[in-house]
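For the sequence shown, my numbering begins at 1 and goes up steadily by one.
Ideal Cβ positions, reconstructed from N, Cα and C, are used throughout, including at glycine.
Bear in mind the structure is a predicted one, so any value in this text is a computation, not a measurement.
Worksheet for the structure shown next.
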Amino acid sequence: MATNQVVSISAHESKKIILVREGQFSEAKGKDISPGKLTRTLSAFANADGGELYVGIDEVGQSKHRQWRGFDSIETANGHLQAIDGPFPLGQDCECEFIRCEAHPGLVLHVQVTKTKRIVKAANGLIYVRRGAQNLPIQTGEAMRRLEYCKGLTSFEIETVNVPISFITRSKPIQRFIKEVVPRAKPEEWLRKQVLIAANKPTVAGVLLFGDEPQAALPKRCGIKIYRYKTTAKTGFREALAFDPITVEGWLYEQIHDAVARTTKEIERIPRMGDDALEAIIYPPEALHEIITNAVLHRDYSVADDVHIRIFDNRIEVESPGRLPAHITVKNILEERFARNGSIVRILNKFPNPPNKDVGEGLNTAFSAMHKLGLREPLIAEKENSVWVVLRHEPLASPEESILEYLETHETINNATARQVSHVAEDHRIRAIFRRMERKGLIRRTADSVTSNTRYRKLDPHS
């Protein structure tokens with residue numbers, strides 16, 4: 001944890017800090033806050049989605065007008081830094097820096113907390129979670145268990161289900177699996193060895209993987225609903241429904257394949273005007289397969305809800321119950337790995353032609369497939385208690401549009417970055433695009449560019 005780093009900013013930049021919006025991901029506090037109270041906010045951020053805290057911003061008067069009043073020196077903030085070291089030893093999951101601005105007095109302490117794999121306590125020994133602009137203490141056993149599920153410290157898949165073990169030891173799925181995969185094993189013996197039977201009861205994972213009808217034992221927790229809305233509206237509505245929602249049930253292996261097949265069938269019925277006549281809308285089949293598989297395998301089965309697949313005229317939405325587990329966020333989901341339902345993922349991969357062939361690569365495959373078909377990459381969003389992935393039937397932006405969009409939030413761009421954001425693989429094509437954009441007066445080469453790393457900045461049309 002970098003506690004002695006001092007960053008200087010301009011007066012203009014300082015306004016953003018003074019006026020930072022307090023909410024789910026950010027908060028500002030005066031330097032007089034007690035170190036112990038400070039850790040409540042840090043605990044809440046760590047146990048939710050992470051966040052940023054600025055210490056040294058006062059709220060003055062009834063209007064709560066904000067002003068910058070920082071620490072006189074780094075040393076005068078030692079009490080706060082020591083308090084931070086308690087829940088974040090060795091700087092794990094937390095970074096600190098001081099911010100200086102010549103227009104304002106003192107140093108503001110900037111604390112960045114990431115979403116953690118573990119549960120973080122405040123100095124008072126309580127556990128908090130962030131909900132909007134509030135730090136809410138965990139006060140019940142059920143709330144604690146819910147947080148443990150969310151953090152991936154335990155999984156609902158290991159809970160036992162109150163049905164006889166014959167529900168999975170004599171089912172058609174286990175008989176088929178044993179015959180094709182482990183022909184010398186006996187069903188009950190193999191299931192116990194895989195810890196799919198505990199305390200002489202099937203586990204949730206066992207029921208989902210090998211029950212003839214898991215939905216009978218786990219009602220409202222493991223179905224898939226498919227909706228078809230004849231609209232491009234932001235949300236579906238009853239009048240736009242093409243038919244009553246389709247319910248897909250069964251054991252996971254067949255349920256996933258069935259859901260993909262039924263979704264594909266409905267998509268192919270969506271008409272679209274081509275060059276000469278109506279034609280079917282096309283989505284990459286591997287993208288659709290991977291996103292539905294991901295939603296089923298990595299959902300939180302402790303949440304009493306189904307996976308929802310909503311087919312619109314211009315997009316497909318797949319909603320999976322439960323928030324992203326452990327340290328996984330929307331920003332790092334393509335790089336980081338964490339299996340909430342490890343047994344389900346592992347054992348399903350043993351099936352012949354498993355739906356999760358490349359374990360851990362599902363969403364990456366979906367993104368790549370959309371790019372190859374010239375469509376925009378999927379959108380991923382985390383709602384209050386679910387994760388949404390949206391496949392949009394929208395063409396990729398032109399390389400020029402992608403480069404200009406990148407330059408809206410970045411000062412310069414080079415060849416390698418341009419290839420990445422525009423999905424153009426060839427170096428020579430990007431060079432040609434840069435030259436074309438220069439001729440049009442959209443960008444210009446930076447003065448300090450070198451041949452091996454030429455950089456461009458957006459041209460100010462008013463300059």
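Where residue 342 is concerned, the enclosing alpha helix (DSSP H) starts and stops at 342-348. Annotation for residue 253: 173, 209, 348, 351, 354 and 355 place their beta carbon closer than 8 Å to its own, counting only its chain and skipping 5 residues before and after. Put simply, of 294, 163, 309 and 74 the residue whose alpha carbon is nearest the alpha carbon of residue 333 is 294. Residue state for residue 184 is assigned as coil, using DSSP reduced to three classes.
Restricting attention to 123, 169, 218 and 314, the CA atom closest to the CA of residue 234 is found in 314. By the neighbour-count criterion, in which a residue is buried when 16 or more other Cβ atoms sit within 10 angstroms of its Cβ, residue 425 is exposed. Apart from the 5 residues on each side of it in sequence, residue 132 sits with its Cβ closer than 8 Å to the Cβ of 23 and 24 in its chain, given in chain order. Distance from the CA of residue 329 to the CA of residue 184, rounded to the nearest whole angstrom, comes to 42 Å. Counting only runs of at least 3 residues, the stretch 224-290 fully encloses the following beta strand (DSSP E) elements, listed from N- to C-terminal order: 224-228, 246-248, 271-273 and 278-280. In this structure, DSSP gives residue 160 an extended state, which the three-state scheme calls strand. Take the alpha-carbon of residue 72 and the one of residue 198: they are about 60 Å apart. Secondary structure at residue 439: helix, using DSSP grouped into helix, strand and coil. For residue 79, the CB contacts under 7 Å within the same chain, skipping 5 residues up- and downstream, are 35 in chain order.
Restricting attention to 97, 191 and 383, the CA atom closest to the CA of residue 322 is found in 383. If only complete runs of 3 or more residues are kept, the stretch 19-45 shows the beta strand (DSSP E) at 26-29, in order along the chain.
If you check the CB distance, residue 30 and residue 52 do not come in under 9 Å. Contact between residue 157 and residue 116 is ruled out by a C-beta separation of about 22 Å, above the 8 Å threshold. When rounded, the separation of the alpha-carbon atoms in residue 404 and residue 65 is 37 Å. If you draw a straight line from the Cα of residue 311 to the Cα of residue 411, it is about 39 Å long. Going by DSSP, residue 85 is part of the alpha helix (DSSP H) stretching over 78-85. In the structure shown, residue 400 adopts helical secondary structure according to DSSP, grouped into three states.
For residue 401 and residue 454, the gap between their C-alpha atoms comes out near 19 Å. Just measuring C-alpha positions, the residue of 206, 318, 215 and 379 sitting nearest residue 260 is 318.
Distance between residue 445 and residue 407, taken at the CA atoms: about 13 Å. Between the stretch 145-156 and the stretch 175-192 there are fewer than three inter-stretch CB-CB distances shorter than 8 Å, so the stretches are not counted as touching. By the Cβ neighbour-count rule, residue 300 is buried, with 16 or more other Cβ atoms within 10 Å of its own. Taking 8 Å as the upper bound for CB-CB distance, residue 11 and residue 101 are in contact here, some 6 Å apart. Of the residues 241, 370, 162 and 388, the one whose Cα lies closest to the Cα of residue 284 is 370.
Straight across, the Cα-Cα distance linking residue 42 with residue 49 is about 11 Å. Per the coordinates, the alpha-carbon of residue 418 lies some 8 Å from the alpha-carbon of residue 399.
Distance from the CA of residue 296 to the CA of residue 105, rounded to the nearest whole angstrom, comes to 53 Å. Residue 88: not part of any beta strand (DSSP E); DSSP gives it neither H nor E. The beta-carbon separation of residue 56 and residue 68, rounded to 7 Å, stays under the 8 Å limit for a contact. One thing to note: residue 99 has its Cβ no nearer than 9 Å to the Cβ of residue 18. When secondary structure is reduced to three states using DSSP, residue 150 falls in the helix class. Residue 130 counts as buried, since no fewer than 16 other beta carbons sit within 10 angstroms of its beta carbon.
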